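2 protein chains.
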Amino acid sequence: MTHVDRRPDIAAVAAAAGVSVTTVSHVLSGRRPVSDATRAKVEAVIERLGYRPNPSARSLRTDRSESVALIVPDITNPFYPAVAAGLQDVLLGQGYLLSVNDAALPSRALREVVRHVLARRVDGIVLASYGATDDDIAEIARSGTKLVRLGGRFRAEFGDVVRADDVGGMHDVVSHLIERGYARIAFVNGERDAHPSRIRLEGYERAMREAGREIDPELIVSTTFTRAGGVEGATTLLERSTSRPDAIVCGNDLIAVGVLDVTRRLGLSVPGDLAITGYDDIEAASLVTPALTTVHNPAREIGRTCARMLLDRLAGDYDDVAREVVLAHRLIVRESS
Amino acid sequence: MTHVDRRPDIAAVAAAAGVSVTTVSHVLSGRRPVSDATRAKVEAVIERLGYRPNPSARSLRTDRSESVALIVPDITNPFYPAVAAGLQDVLLGQGYLLSVNDAALPSRALREVVRHVLARRVDGIVLASYGATDDDIAEIARSGTKLVRLGGRFRAEFGDVVRADDVGGMHDVVSHLIERGYARIAFVNGERDAHPSRIRLEGYERAMREAGREIDPELIVSTTFTRAGGVEGATTLLERSTSRPDAIVCGNDLIAVGVLDVTRRLGLSVPGDLAITGYDDIEAASLVTPALTTVHNPAREIGRTCARMLLDRLAGDYDDVAREVVLAHRLIVRESS
DNA sequence: GGTCGGGTGCAAATCGTTTTGCATGCTATT
DNA sequence: AATAGCATGCAAAACGATTTGCACCCGACC
């Protein structure tokens, strides 16, 4: 084993450059003017010694960790990795470390995950978990940690919100189906009380009402935002109903994939016997056969936006006002409708 | 604005409990015996005050950050989120924070990402990037940061390696095709110099040789581990060859999906005109039509294993010996072959 | 009865930064 | 020629934990 030299600290740099530690710190932070000659000298030494400030010491002093946590309800849902990539796009350049935390039940309760990241004193949290309760959010607020939520109801005291226009998106999908002449349009939604479910249902209802269609509660079922949920929902709809729907609108793409599984098993032709639509436009939507009509959810751009808003807040901007940013959706018509 | 009380520090706890800070620290760490009475008193105060040790102060003193970084080549490849979930399964319970870092080109050079996490002084790194050079790995080793690599060539001085048995997996796929009677079996691989490419090619070659088949260099093309790579590879193979292959083995599922895109465009029937196989068994493999024959890569279990090995190292176990752990693969035969 | 040793607790040094208050030398102004 | 003001640099006090060396008290042992 070769002996590894002790890591240089700021004092070592100061000594080697013949200045005080204060001066080195000022060169690093730029908080006080430093003459060009001194700066050059110090920077040369830093380079030569390979000095990197100790982040623990720094955050102990400044009370900032330069790290941000993303909390997602299911990291294996491809929507969230895309969000994470968007966050990273912005955060990496600013020197922030991004921690990604999966709060997927049953193994990991959201509250436990929230406590975990709060205990680590992250500077900010991007909360993408639709399972979050007011209590969870209040706990974050109480700790003083900056918060940006991805989706969810907008309330000033609960921080900023970034979301796609789900009401509009779902409205467009349903209108599209109505236009194509589908008569009995069913809806397989995600978790009943989750915010995205409610908001997507709202879009469905609005489009139906606008078209003068009656809303049949028999045609609306709530399951979970997963492939298994889609199987369950489709089974309920297609096996119990006396008169079958001729189109099924799904709360997200994963559900739609599950619905497709069922139609395949039942030997139904899509979109002949039944039209199916998804939501989010994850890659799988274009892979299945028939390819899914869906609504593109700009995941990466949402991630970028969350990051920028968090940085604004960390910089002290918008200190006394919460913001809600809504990103445009885009209807993608493919073969399934 | 309501006034938020200052966070209690260890001194506040000591004062409220009528003991010294040393004692409180010992209650927390258990490094010295503390009487039951004292312990109970201190724990009650901690609870009442909601005291949580400041992680920066702690790691400044202990030189441990209790955090681990995962570096992946493409976070939108669903294999990696599954690995991340596995890591989290193990790390969360131990109080470690997991940071996930996407080193996807062209925006983020791997070296830059490595520097970034090293600057943050993480305790350990799980490096899943097949683009890593010896230099990258040496830089990590030099910093003293514990390293576990996901895949890659095993070398004692470069830390532990966890990998699936890719040679065996690819061997099984190819043998399966040979058994089914396919005559001209082509191979669309990922990046030519990437380790997983080499190793998977090895499995292909071994199976061919075992069956007494000749290896035709014309039938082997290197692209990238992406859907676009599959399109490119299939186009090359199917449009240029005088005599077409009747089976295409792909370096991963994403490539296979791209190959499928091409067969669809050319109107080829799968597996009638052409058999196609993938590798990894990501969800998409079962979604496409026809569903892909592939090899199951136990991503989540790989993640868990990486985490455990890293924890071993951080605990000082296996200090003077590197380990390579190989996880079993499983051939999944579906419709495409 | 003196000594030994285990259990328990405390004071103080330490980790590596940032930041404040003050001192110095120089230039420019009057 | 005196002084105001600026640019520059330094010493020292935080930040909040962990850990070491030492002191004390007590019962047990010879």
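Going down the list, the protein sequences come from chains G and H. At the far end of the first sequence sits residue 337, using full-length UniProt numbering, and the numbering has no gaps. At the far end of the second sequence sits residue 337, using full-length UniProt numbering, and the numbering has no gaps. For every residue, glycine included, the Cβ atom is placed at its ideal position computed from N, Cα and C. Remember, predicted model here, so these are calculated numbers, not experimental data.
Is the shortest distance between the beta-carbon of residue i and the beta-carbons of chain G less than 8 angstroms?
i: residue 81 of chain H; result: yes
i: residue 75 of chain H; result: yes
i: residue 13 of chain H; result: no
i: residue 296 of chain H; result: no
i: residue 89 of chain H; result: yes
i: residue 123 of chain H; result: no
i: residue 116 of chain H; result: yes
i: residue 111 of chain H; result: no
i: residue 231 of chain H; result: no
i: residue 250 of chain H; result: no
Using only alpha-carbon positions, find the residue among the options that is nearest to residue i.
i: residue 238 of chain H; options: H:54, H:265 and H:193; result: H:265
i: residue 131 of chain G; options: G:25, G:105 and G:301; result: G:105
i: residue 192 of chain G; options: G:76, G:286, G:208 and G:225; result: G:225
i: residue 175 of chain G; options: G:307, G:311, G:293 and G:11; result: G:293
i: residue 286 of chain G; options: H:258, H:267 and H:281; result: H:258
i: residue 184 of chain G; options: G:168, G:156, G:202 and G:219; result: G:219
i: residue 12 of chain H; options: H:51, H:156 and H:34; result: H:51
i: residue 399 of chain H; options: H:229, H:299 and H:169; result: Limits of chain H in this structure are 1 at one end and 337 at the other, which puts residue 399 of chain H out of reach.
i: residue 210 of chain H; options: H:107, H:284 and H:179; result: H:179
i: residue 61 of chain G; options: G:143, G:25 and G:127; result: G:25
i: residue 194 of chain H; options: H:152, H:208 and H:227; result: H:152
i: residue 143 of chain H; options: G:229, G:327, G:6 and G:318; result: G:6
i: residue 37 of chain H; options: H:8, H:301 and H:19; result: H:19
i: residue 15 of chain G; options: G:164, G:235 and G:49; result: G:49
i: residue 232 of chain H; options: H:242, H:337 and H:260; result: H:260
Grab the span of the beta strand (DSSP E) containing residue i for me, first residue to last.
i: residue 127 of chain G; result: 124-127
i: residue 187 of chain G; result: 185-189
i: residue 330 of chain G; result: 330-332
i: residue 327 of chain G; result: 324-327
Are any of the Cβ atoms in chain H nearer than 8 angstroms to that of residue i?
i: residue 257 of chain G; result: yes
i: residue 3 of chain G; result: Its pLDDT being 41, under 50, residue 3 of chain G is placed unreliably by the model, and the measurement read from it follows with that caveat. Not one chain H Cβ lies under 8 angstroms of residue 3 of chain G.
i: residue 54 of chain G; result: yes
i: residue 304 of chain G; result: no
i: residue 8 of chain G; result: no
i: residue 48 of chain G; result: no
i: residue 102 of chain G; result: yes
i: residue 108 of chain G; result: yes
i: residue 155 of chain G; result: no
i: residue 301 of chain G; result: no
i: residue 269 of chain G; result: no
In chain order, what residues of the same chain have a beta carbon less than 6 angstroms from the beta carbon of residue i, not counting five sequence neighbours either side?
i: residue 129 of chain G; result: 71, 73, 103 and 110
i: residue 172 of chain G; result: 331
i: residue 121 of chain G; result: 65
i: residue 333 of chain H; result: 293
i: residue 316 of chain H; result: none
i: residue 255 of chain G; result: 188, 229 and 230
What residue does the alpha helix (DSSP H) around residue i start on, and which one ends it?
i: residue 206 of chain G; result: 195-210
i: residue 313 of chain G; result: 299-314
i: residue 173 of chain G; result: 166-179
i: residue 59 of chain H; result: 55-62
i: residue 47 of chain G; result: 36-49
i: residue 11 of chain H; result: 10-17
i: residue 249 of chain G; result: Note, residue 249 of chain G: premise wrong, no alpha helix (DSSP H); beta strand (DSSP E) at 247-250.
i: residue 221 of chain G; result: Careful: residue 221 of chain G lies outside any alpha helix (DSSP H), inside the beta strand (DSSP E) at 220-222.
i: residue 283 of chain G; result: 283-287
For residue i, collect the residues of the same chain with a Cβ closer than 8 angstroms to its Cβ; drop the 5 residues on either side in sequence, then sort them by chain order.
i: residue 146 of chain G; result: 123, 124, 125, 159, 310, 313 and 314
i: residue 4 of chain G; result: Confidence is the limiting factor: at residue 4 of chain G the pLDDT is only 49, short of 50, which leaves the residue's position unreliable, though a coordinate-based value still follows. Within the same chain, residue 4 of chain G has no close Cβ partners at all.
i: residue 273 of chain H; result: 246 and 263
i: residue 253 of chain H; result: 278, 279, 280, 281, 282, 284, 285, 292 and 294
i: residue 165 of chain H; result: 326, 327, 328 and 329
i: residue 425 of chain G; result: Coverage of chain G is limited to positions 1 through 337, which leaves residue 425 of chain G absent and any answer about it impossible.
Leaving out five residues before and five after residue i in sequence, what residues of the same chain have Cβ atoms less than 7 angstroms from its Cβ?
i: residue 182 of chain H; result: 246, 247 and 275
i: residue 308 of chain G; result: 90
i: residue 251 of chain G; result: 188, 189, 190, 197, 200, 225 and 279
i: residue 41 of chain G; result: 17
Quick one: what's residue i bridged to in DSSP?
i: residue 146 of chain H; result: H:124
i: residue 101 of chain G; result: G:71
i: residue 294 of chain G; result: G:332
i: residue 277 of chain G; result: G:249 and G:293
i: residue 163 of chain G; result: G:326
Is residue i close to the ligand HEM? I mean its beta-carbon at under 7 angstroms from any heavy atom of the ligand.
i: residue 14 of chain H; result: In the structure shown, the ligand HEM is absent, as is every other ligand, since no ligand is present at all.
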